[in-house]
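Protein chains in written order, with our numbering: chain A, 1 to 118; chain B, 1001 to 1744.
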């Protein structure tokens, strides 16, 4: 019995490592001229977004999460910060100057998402 | 359409009759359920299922002006939403505690039944159902958040709380439903622990939220400086209109005690304006025709007309608010390092929790499953990524706000960290150490001539000249209120001076060489002239009919507080270097007067950046202080660039820190705030790291074999809830910091 518990435990650790650190969620491609990002339940949905390089991208954030951390969205690589009011859509236009990953997160870095510019 | 609430600014109301007319117009709009108009504030609150444009159109149709007070509305709504969330958290904490605490008390006093007989199991099954309902009602968001995060390959605080409390409930329910699956000694239930942990986490979040509100006080105060209405002059009539309706180049009036509505230039009248809320300068500043005024500053006693030059988002106040917001959310390198740790923190805790479970199952005492479960639950509950995540942003929020209150605008959090590591301050001379424009610094009349006579004579002649030295003399005469006399026959003698007639008397004014050419004997004034030259001042001689009337000394004067500010910078352990394009003698005179450690003279503007680079190559961490325009390359080259502002130009891209007032004390203030903020961040991070790195092993039972220590999950919940409150409270301590007093 203990052996089985140990094997299950080690498998669980492997699963944690794979799921949180190695596997990445599928990125959403922009269809239309605006991307809606919902902030609710501790996550951005979608959390991975494919964006074009050098072209302005319109994003519309809708915060439905009253937790104070959800109020700010920080994009360190673009040096952009904007505030989200509860249940009020906030539209921002961003341009990604070069290809690569642009992380966006709440101020405490608990809600995390990525723009994949290519 | 759902019911909305709008706050409108109403223009053109003068009496109670107007109030009634506007209210009637508003109530007549289909969908409006409530409307109330305030004459004093010239505003209206409207509630209903109606679009704002329809409400504004109705007011305009009634003959008044209306505009949506968006910022106001946002602030009000934000405050209301935050208050609602705060109350919800407290309510959830209360409900969970009302159920959890009696259960725990009963357990402690041993009055709870065991889980053996069918009746006892039925009792516990009821408790399990009540618990899960209360957990869902008061802590459902943790579970929803945990699932959503998991699906997004992310793990957050919610994941830990949901797993910790969820595991407690699942295990306890298993004990109730299938006791035979659990060793007899381990048949204990933990419903009360799950409930109390949820109560504590909700309570901690509410406390944290309350403390967080205080960290953004500085920005709220800045937003509060925006007047709601402005008094514009249209077609000869003065009207109060919503601030959003003021157009560029419109003429506005400000009355005593009112805030200036938008940025502009005084066109008529004079007053003293209190700019302390923006620049930190305590004394009101005299404003005359032609002077710039800044929206949000307070007019004191006079009244004047001014022309709007910047409105809306272009005003200095709006730019300051935006700059402070951006800076408050930016992080220095130390914060970005923590972000990387926070990014892997929760999965790492999950792994530790699994290892803890396995450890107890393998080598723990009987009943191993109980120990394993309690220790795993405690690890999940005690780990607090929030304390880590909050450590930097909370301190930056308060530190940047505190600096803004002192007229120091920190553009990026990174500048805070670098400003605390500086070793050398390079000061540009002109406009930074000195006023930046020539001024009359001394009057030395000949015997039988008064100071007033000498100055009147010189200013009457110089009135026609555009030379900066001439303007300095004319301004000095105007400042003393002297009546200038009519002059004629003005003639410029290139490189030497001027000649003119006043009341048919021929007057010459110029340098020593001109006096020699005119055969004017300098006598005792020769020594005076030599002394002025040593002090880097320009001597201007005035003569009539071969007789010297006196000497005027003109110089770019050192700002009154430059010497004290330099001493203050030196007391902070910094080496102060002055950089100037002036000649050696002038530079030396100014350097001596302000007491800098070193000066570098005859530096061309384009070479300033190279000089900064030279100092950096020598190992110094250099701050450059300049006017932000001519010194842009040097400011960009420096580790920290300070633009010393005029109070009206804040959008200086090349600067890391913008000083709203001209005083060098701002540099020392910024460094003092940076030092104290960085110290606060380090305290927070140290606390958060120590808490987690001691708490997690303690919870896992690492100390159990040596000391027999094993933490109760409820205590872990309380510690976790308090840890983030402690971080926010420590950041709030910065609000009490006063730069001048501490660093002087």
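Using N, Cα and C, we set each Cβ at its ideal position, and we do this for glycine too.
Next on the checklist: If you follow the alpha helix (DSSP H) that residue 1343 of chain B is in, where does it begin and where does it stop?
Outcome noted: Secondary structure note for residue 1343 of chain B: its alpha helix (DSSP H) is the uninterrupted segment 1333-1363.
Checklist entry - So which residues on chain B does residue 86 of chain A lean against when the C-beta distance must stay under 7 Å? => result 1081
Checklist entry - In chain order, which alpha helix (DSSP H) runs of at least 4 residues are fully inside the segment 1646-1733 of chain B? => result 1665-1700, 1704-1707 and 1713-1733
Checklist entry - Within this structure, are the beta carbons of residue 1438 of chain B and residue 1469 of chain B separated by less than 9 Å? => result Yes, Cβ-Cβ distance for residue 1438 of chain B and residue 1469 of chain B is below 9 Å.
Checklist entry - From what residue to what residue does the beta strand (DSSP E) around residue 1242 of chain B run? => result 1237-1242
Checklist entry - Are the beta-carbon atoms of residue 1657 of chain B and residue 1259 of chain B separated by less than 9 Å? => result no
Item to check | Chain-ordered chain A contacts of residue 1148 of chain B [CB-CB under 9 Å] | outcome: 40, 41, 42, 43 and 45
Checklist entry - So, residue 1096 of chain B versus residue 1138 of chain B, is the Cβ gap smaller than 9 Å? => result yes
Item to check | Residues of its chain near residue 110 of chain A, where Cβ-Cβ distance is below 8 Å and the 5 sequence neighbours each way are ignored | outcome: 42 and 69
Item to check | Exposure label - residue 1744 of chain B; buried when at least 16 CB within 10 Å | outcome: Confidence in residue 1744 of chain B is poor, its pLDDT being 40 and thus under 50, which makes the residue's placement too unreliable to answer from.
Item to check | Through-space distance from residue 1103 of chain B to residue 1132 of chain B, alpha-carbon basis | outcome: 14 Å
Item to check | Cα-Cα separation, residue 1261 of chain B to residue 1233 of chain B | outcome: Their Cα atoms are separated by approximately 13 Å.
Checklist entry - Which whole-angstrom value is the C-beta distance of residue 1473 of chain B and residue 1491 of chain B, which I expect to be below 8 Å? => result At roughly 17 Å, the Cβ-Cβ gap does not stay under 8 Å, so residue 1473 of chain B and residue 1491 of chain B are not in contact.
Checklist entry - Below 9 Å between beta carbons: does that hold for residue 1645 of chain B and residue 1624 of chain B? => result no
Checklist entry - Taking the DSSP output, what are the residues bridged to residue 1299 of chain B? => result B:1273
Checklist entry - Residue range of the alpha helix (DSSP H) that residue 1618 of chain B falls in? => result No alpha helix (DSSP H) contains residue 1618 of chain B, which DSSP labels as neither H nor E.
Checklist entry - Where does the unbroken alpha helix (DSSP H) through residue 18 of chain A begin, and where does it stop? => result Premise fails: residue 18 of chain A is in no alpha helix (DSSP H) and is neither H nor E.
Next on the checklist: DSSP has residue 1308 of chain B in a bridge; who is on the other side?
Outcome noted: Answer is B:1264, bridged to residue 1308 of chain B.
Checklist entry - So what's residue 1428 of chain B in DSSP terms, helix, strand or just coil? => result strand
Next on the checklist: Counting C-beta neighbours from all protein chains within 10 Å, is the total for residue 93 of chain A 16 or more, i.e. buried, or is it exposed?
Outcome noted: exposed
Checklist entry - Taking the C-alpha atoms as reference points, what is the distance between residue 1226 of chain B and residue 1294 of chain B? => result The straight-line gap from Cα to Cα measures roughly 11 Å.
Item to check | beta strand (DSSP E) segment containing residue 1371 of chain B, residue limits | outcome: Here residue 1371 of chain B belongs to no beta strand (DSSP E); instead the alpha helix (DSSP H) covers 1368-1382.
Item to check | Coil, strand or helix - residue 1233 of chain B by DSSP | outcome: strand
Item to check | Distance, residue 1593 of chain B Cα to residue 1562 of chain B Cα | outcome: 9 Å
Checklist entry - Since residue 1212 of chain B meets chain A, which of its residues come closer than 9 Å, beta carbon to beta carbon? => result Going along chain A in sequence order, the residues near residue 1212 of chain B (Cβ under 9 Å) are 68.
Checklist entry - Helix or strand or just coil, what does DSSP make of residue 1168 of chain B? => result DSSP, read as helix, strand or coil, puts residue 1168 of chain B in helix.
Item to check | residue 1748 of chain B classed as buried or exposed, judged by whether at least 16 other C-beta atoms fall within 10 angstroms | outcome: Here chain B covers residues 1001 to 1744 and nothing more, so residue 1748 of chain B does not appear.
Item to check | Pick from B:1212, B:1435, B:1609 and B:1298 that is closest to residue 1393 of chain B, judged by C-alpha positions | outcome: B:1212
Next on the checklist: With DSSP as the reference, identify every bridge partner of residue 1603 of chain B, one or two as the case may be.
Outcome noted: Its beta-bridge partners do not exist; DSSP assigns none.
Item to check | Opening and closing residue of the alpha helix (DSSP H) in which residue 1633 of chain B lies | outcome: Unbroken alpha helix (DSSP H) run through residue 1633 of chain B: 1632-1637.
Checklist entry - From residue 66 of chain A to residue 1396 of chain B, what does the alpha carbon distance come to, in whole angstroms? => result 22 Å
Checklist entry - Which chain A residues sit within Cβ distance under 7 Å of residue 1642 of chain B? => result Within chain A, no residue comes near residue 1642 of chain B; the closest Cβ sits about 20 Å away, beyond 7 Å.
Checklist entry - Unbroken alpha helix (DSSP H) runs of length 4 or more, entirely within the segment 1036-1065 of chain B: which are they? => result 1052-1061
Checklist entry - In whole angstroms, what is the alpha-carbon distance linking residue 1162 of chain B and residue 1120 of chain B? => result In a straight line, the C-alpha of residue 1162 of chain B is about 27 Å away from that of residue 1120 of chain B.
Next on the checklist: Below 9 Å on C-beta distance, what does residue 1361 of chain B contact in chain A?
Outcome noted: Neighbours of residue 1361 of chain B on chain A, chain order: 2, 5, 6 and 9.
Item to check | Closest Cα partner of residue 1422 of chain B within the set B:1738, B:1549 and B:1569 | outcome: B:1569
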